[in-house]
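2 protein chains.
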Amino acid sequence: MVEVFTAVEVTDVRFPTSRQLDGSDAMNPEPDYSAAYVTVRTSDGAAGYGLAFTVGRGNEIETAAVEALAPLVTGLPVADVLADPGGLSARLTGDGQLRWLGPHKGVIHMAAGAVLNAVWDLYARREGKPLWDLLAGMTPEQLVSLVDFRYLTDALTPDEALGILRAAEPGRARRRARLLDEGYPAYTTTPGWLGYTDDKLVRLAREAVADGFGQIKLKVGTDRAADVRRLRLAREAVGPDVRIGVDANQAWGVPDAIDWMTALAPYDPYWIEEPTSPDDVLGHAAIRRAVAPVRVATGEHCQNQVVFKQFLQAGAIDVLQLDATRVAGVGENVAILLLAAKFGVPVCPHAGGVGLCEMVQHLAMFDYVAVSGTLTDRVIEYVDHLHEHFTAPVRLRGGRYLAPTVPGAGAEMRPASVAAHRFPDGPVWRTPA
Amino acid sequence: MVEVFTAVEVTDVRFPTSRQLDGSDAMNPEPDYSAAYVTVRTSDGAAGYGLAFTVGRGNEIETAAVEALAPLVTGLPVADVLADPGGLSARLTGDGQLRWLGPHKGVIHMAAGAVLNAVWDLYARREGKPLWDLLAGMTPEQLVSLVDFRYLTDALTPDEALGILRAAEPGRARRRARLLDEGYPAYTTTPGWLGYTDDKLVRLAREAVADGFGQIKLKVGTDRAADVRRLRLAREAVGPDVRIGVDANQAWGVPDAIDWMTALAPYDPYWIEEPTSPDDVLGHAAIRRAVAPVRVATGEHCQNQVVFKQFLQAGAIDVLQLDATRVAGVGENVAILLLAAKFGVPVCPHAGGVGLCEMVQHLAMFDYVAVSGTLTDRVIEYVDHLHEHFTAPVRLRGGRYLAPTVPGAGAEMRPASVAAHRFPDGPVWRTPA
Numbered sequence: 474m475v476e477v478f479t480a481v482e483v484t485d486v487r488f489p490t491s492r493q494l495d496g497s498d499a500m501n502p503e504p505d506y507s508a509a510y511v512t513v514r515t516s517d518g519a520a521g522y523g524l525a526f527t528v529g530r531g532n533e534i535e536t537a538a539v540e541a542l543a544p545l546v547t548g549l550p551v552a553d554v555l556a557d558p559g560g561l562s563a564r565l566t567g568d569g570q571l572r573w574l575g576p577h578k579g580v581i582h583m584a585a586g587a588v589l590n591a592v593w594d595l596y597a598r599r600e601g602k603p604l605w606d607l608l609a610g611m612t613p614e615q616l617v618s619l620v621d622f623r624y625l626t627d628a629l630t631p632d633e634a635l636g637i638l639r640a641a642e643p644g645r646a647r648r649r650a651r652l653l654d655e656g657y658p659a660y661t662t663t664p665g666w667l668g669y670t671d672d673k674l675v676r677l678a679r680e681a682v683a684d685g686f687g688q689i690k691l692k693v694g695t696d697r698a699a700d701v702r703r704l705r706l707a708r709e710a711v712g713p714d715v716r717i718g719v720d721a722n723q724a725w726g727v728p729d730a731i732d733w734m735t736a737l738a739p740y741d742p743y744w745i746e747e748p749t750s751p752d753d754v755l756g757h758a759a760i761r762r763a764v765a766p767v768r769v770a771t772g773e774h775c776q777n778q779v780v781f782k783q784f785l786q787a788g789a790i791d792v793l794q795l796d797a798t799r800v801a802g803v804g805e806n807v808a809i810l811l812l813a814a815k816f817g818v819p820v821c822p823h824a825g826g827v828g829l830c831e832m833v834q835h836l837a838m839f840d841y842v843a844v845s846g847t848l849t850d851r852v853i854e855y856v857d858h859l860h861e862h863f864t865a866p867v868r869l870r871g872g873r874y875l876a877p878t879v880p881g882a883g884a885e886m887r888p889a890s891v892a893a894h895r896f897p898d899g900p901v902w903r904t905p906a
Numbered sequence: 474m475v476e477v478f479t480a481v482e483v484t485d486v487r488f489p490t491s492r493q494l495d496g497s498d499a500m501n502p503e504p505d506y507s508a509a510y511v512t513v514r515t516s517d518g519a520a521g522y523g524l525a526f527t528v529g530r531g532n533e534i535e536t537a538a539v540e541a542l543a544p545l546v547t548g549l550p551v552a553d554v555l556a557d558p559g560g561l562s563a564r565l566t567g568d569g570q571l572r573w574l575g576p577h578k579g580v581i582h583m584a585a586g587a588v589l590n591a592v593w594d595l596y597a598r599r600e601g602k603p604l605w606d607l608l609a610g611m612t613p614e615q616l617v618s619l620v621d622f623r624y625l626t627d628a629l630t631p632d633e634a635l636g637i638l639r640a641a642e643p644g645r646a647r648r649r650a651r652l653l654d655e656g657y658p659a660y661t662t663t664p665g666w667l668g669y670t671d672d673k674l675v676r677l678a679r680e681a682v683a684d685g686f687g688q689i690k691l692k693v694g695t696d697r698a699a700d701v702r703r704l705r706l707a708r709e710a711v712g713p714d715v716r717i718g719v720d721a722n723q724a725w726g727v728p729d730a731i732d733w734m735t736a737l738a739p740y741d742p743y744w745i746e747e748p749t750s751p752d753d754v755l756g757h758a759a760i761r762r763a764v765a766p767v768r769v770a771t772g773e774h775c776q777n778q779v780v781f782k783q784f785l786q787a788g789a790i791d792v793l794q795l796d797a798t799r800v801a802g803v804g805e806n807v808a809i810l811l812l813a814a815k816f817g818v819p820v821c822p823h824a825g826g827v828g829l830c831e832m833v834q835h836l837a838m839f840d841y842v843a844v845s846g847t848l849t850d851r852v853i854e855y856v857d858h859l860h861e862h863f864t865a866p867v868r869l870r871g872g873r874y875l876a877p878t879v880p881g882a883g884a885e886m887r888p889a890s891v892a893a894h895r896f897p898d899g900p901v902w903r904t905p906a
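Those protein sequence lines, which keep their order, are chains Y and F. For this note's numbering, count along the first sequence from 1 and bump the result up by 473. For this note's numbering, count along the second sequence from 1 and bump the result up by 473.
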């Protein structure tokens, strides 16, 4: 019997993070970090895991979207899909009816990403490799076949993508060895949530430096005077040599962003993240021109590769923060890494949330080994919560992610965690806060 | 007792349009035109109707999104909401958890639009006016209060918006009278669906001219030779003085769009609609520079006012095609009309689908009376199907929409139509094609 996909299962999993104000920022004051958690199964009993990250209400919409995509996967021969993952991506993102709900954005696109990442997880397990190493072992031709170039060729052609990947081939083995030895640099967002007191901010900032982090991040955007005070305290706590990113989570319009960053400038912020709408390419470009040398960063809410393409074409960003679950999975993120390499912009992935650290580290490490070939100005975000719910939690040492060695793409959760946090009927949700 | 909203009901309604290939285009080959159909109800027994248009599969995701928004509306005093519709819009599009699913795009944003339009329908009924006349009777200050300026002020400030509206005040009464006398110009898409034979195309094109239309539209983008042949036939059928728009429904990348339009140029296409990804502002700008004097049009898939702002800032479009159900309802469309007026770009709304003609005519007519003040180069799309399912179907005469006089915003469907087409349990869907 030919092995086929037999099921795409989805579970609404939510963590009551709003009870502690972990994760609070200017636009998401009380998030309950959540996941539409996907399991793909095959007729041979194999499984792969993926998820779409949300912040609570609406996670049930995301699960409905995954259910709508399931019939496009079940019944397909596994070998055919793994031989051409780009084909499955085109099928899920190009369906003649579902496409209307995007195209390539929001709920339906994130659902496609969750399903595609689950298939990639199964693929990596089958190959006995962590995802980063599976990708870093593919030929340039295989990698280019993952990319949907329909809307990209004015900025990146298949030949240019091949050229980037071929240029990085000679150093792959050396960089792979170095990555396994030394890990990948991280920065931490743990000190800077808006809901934390000044004392907690200062204590956590000092701990971050002691732990070896060379960069921390503060949430800003609700109260300008408080932001100035908090950035000053953080700067005093970490000294002049540790980078401090600030993150407005889209709180501002263009003129407000420029004014606010002028007020923060004396305390040497390294980057301003999400200063305005994630859709506003031209707005980011205007802000970047005005706030330099402070860098402009965005990407966690960037809906797809077409918008990333424009951020790069317009010279709107200094730092590209891709997300593992916002776009259509591994294939679209390979496209985004190639675009960033073409334009010479460093990728510093968004993480935190539920399982984002576990997933996104694979993309950054693949980028280092086989695409950009460099760690310069590259850092992966790190947030120290919810890792205990994953079967292969990230490992950090001295402010660096250690390269994962467990086969897979990182999204598998512990069955007990899924059961406990299932919404609305899991025990965590049956007990009021 | 204070009147409050008591329910936001939603029904999955689908029409089996794929059985006739009505509505077939390059990216939506077999659509089943559908609606997440919304009814808001109050404690005094009042109701209002709205919908989100989709093309079949996934309509259940849209209904799930409406259900997620319902608790943000129920319990609110009706008088408070109608006194500040901008406040309700901010509540629905800014929820600290649901916002993550967009923000302001795709499934969750369309659901907000359906709910907000239903509230506007109730408001217009209560005032005894069609929506266009309700809006056109508001003061400039009231209209400006409907707009969320957070991400707009680099292109349009509240003062500039007030200036535009005040400048149009003197002629309101005269234009209102003219609109009631003469109606609003339309163009028809009926002849040009990809699934139609050449004979049917030619026959319908001739009928359109005989019916008084000054513009028709052809779908293109699947087969270049066929497109050249069909455009030639259409041009021969209608003569040199009738405008022919062509619509690629996002089929192309930037270089393909330019090449394809060069092949069609000998037959004098008036505009190229959706030449590429609706997210690609810079791509549209490049296409526009290359294909002039052919005009570039887009908007039916434009996710929100921030992207429309950039289309205008970048000089990327000649024609702005807003949609009644893609964005967050009447308020966001008022913002889009004001942006278009600021930049001097004509608005030619997208229609067709399910109820889009019925809804969008109000926005165009309001624009004429109280915003742009002109009909020059303005046309509303018209497609001649599914109108019979609405309680106040559009009325056309001599290629023009007659101004609706029935109170409301146009989205109310006949209860028998809703019952017959309810998915999956209505009689139309229990009977196989």
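The beta-carbon is built from N, C-alpha and C at its ideal position, and this holds for glycine as well. From a predicted model like this one, the values you see are computed outputs, not experimental measurements.
Contact test: residue i Cβ vs the ligand NAD heavy atom, cutoff 6 Å
i	result
ASP671/Y	Of the ligands one can find in the structure shown there are none, so the ligand NAD has no counterpart to examine.
Simplified DSSP state of residue i, which is helix, strand or coil
i	result
ARG851/F	coil
SER507/Y	strand
ILE637/F	helix
ARG530/F	coil
THR515/F	strand
TYR841/F	helix
ILE745/Y	strand
THR547/Y	coil
GLY802/F	helix
LEU625/Y	coil
MET611/Y	coil
VAL827/Y	coil
VAL867/Y	coil
THR479/F	strand
ASP632/F	helix
ALA520/Y	strand
TYR669/Y	coil
Same chain, Cβ closer than 7 Å to residue i, five either side skipped, listed in chain order
i	result
GLY726/F	THR749
LEU549/F	VAL477 and PHE478
TYR740/Y	LEU704, ARG705 and ARG708
ARG895/Y	THR484, ASP485 and VAL486
Residues of its chain near residue i, where Cβ-Cβ distance is below 6 Å and the 5 sequence neighbours each way are ignored
i	result
ILE809/Y	GLN778, PHE781 and LEU795
LYS815/F	LEU629
ASP505/F	ARG487, PRO489, THR490, SER491 and GLY529
One or two residues paired with residue i in a DSSP bridge
i	result
VAL675/Y	BP columns for VAL675/Y are empty, so no partner.
THR661/Y	ILE689/Y and TYR855/Y
PRO880/Y	The partner list for PRO880/Y (beta bridge, DSSP) is empty, contrary to what the question assumes.
ASP485/Y	ALA509/Y
PRO603/Y	GLY881/Y
LEU793/F	THR771/F and VAL820/F
Same chain only: Cβ atoms within 8 Å of residue i, ignoring 5 sequence neighbours per side
i	result
ASP857/Y	THR661 and THR663
Within chain C, partners of residue i - CB distance below 7 Å
i	result
GLY529/Y	The chain labelled as chain C is not found among the protein chains of the depicted structure, namely Y and F.
>> At a CB distance below 8 Å, what residues from the region 755-778 of chain F approach chain Y? Give them in sequence order.
In response: Hits within the stretch, in order: LEU755, GLY756, ALA759, HIS774, GLN776 and ASN777.
> Going along the region 554-580 of chain F in order, which residues come within less than 9 Å of chain Y, judged by CB to CB distance?
Replying inline: Listed in chain order, the positions of the region 554-580 of chain F with a beta carbon within less than 9 Å of a beta carbon of chain Y are GLY567, ASP568, GLY569, GLN570, LEU571, ARG572, TRP573, LEU574, GLY575, PRO576, HIS577, LYS578, GLY579 and VAL580.
> Quick one, which residues of the region 681-706 of chain Y are near chain F if we go by CB-CB under 8 Å, in chain order?
Replying inline: Hits within the stretch: zero.
> Any residues in the region 492-524 of chain Y with a beta carbon nearer than 9 Å to a beta carbon of chain F? Which ones, in chain order?
Replying inline: Under the 9 Å Cβ criterion, the region 492-524 of chain Y contributes MET500, ASN501, PRO502, GLU503, PRO504, ASP505 and SER507.
>> So if I threshold CB-CB distances at 9 Å, which residues from the region 796-810 of chain Y count as touching chain F?
In response: Of all residues in the region 796-810 of chain Y, none is placed with a Cβ closer than 9 Å to any Cβ belonging to chain F.
> Quick one, which residues of the region 710-743 of chain Y are near chain F if we go by CB-CB under 9 Å, in chain order?
Replying inline: Of all residues in the region 710-743 of chain Y, only GLN723, ALA724, TRP725, GLY726, VAL727, PRO728 and ASP729 come within less than 9 Å of chain F when Cβ atoms are compared, listed by chain position.
> On the three-pair Cβ rule with 8 Å, is the region 703-713 of chain Y touching the region 675-690 of chain Y?
Replying inline: With the cut-off at 8 Å, the region 703-713 of chain Y and the region 675-690 of chain Y touch.
> So, do the region 549-565 of chain F and the region 858-872 of chain F have three or more beta carbon pairs nearer to each other than 8 Å?
Replying inline: No: the two stretches stay apart, fewer than three of their Cβ pairs being nearer than 8 Å.
> Should the region 869-880 of chain Y be regarded as contacting the region 833-852 of chain Y, the criterion being three or more beta carbon pairs within less than 8 Å?
Replying inline: Yes, since at least three Cβ pairs between the region 869-880 of chain Y and the region 833-852 of chain Y fall closer than 8 Å, the two stretches touch.
>> What are the residues in the region 633-651 of chain F lying within 7 Å of chain Y by C-beta distance?
In response: If the cut-off is 7 Å between Cβ atoms, the region 633-651 of chain F has nothing near chain Y.
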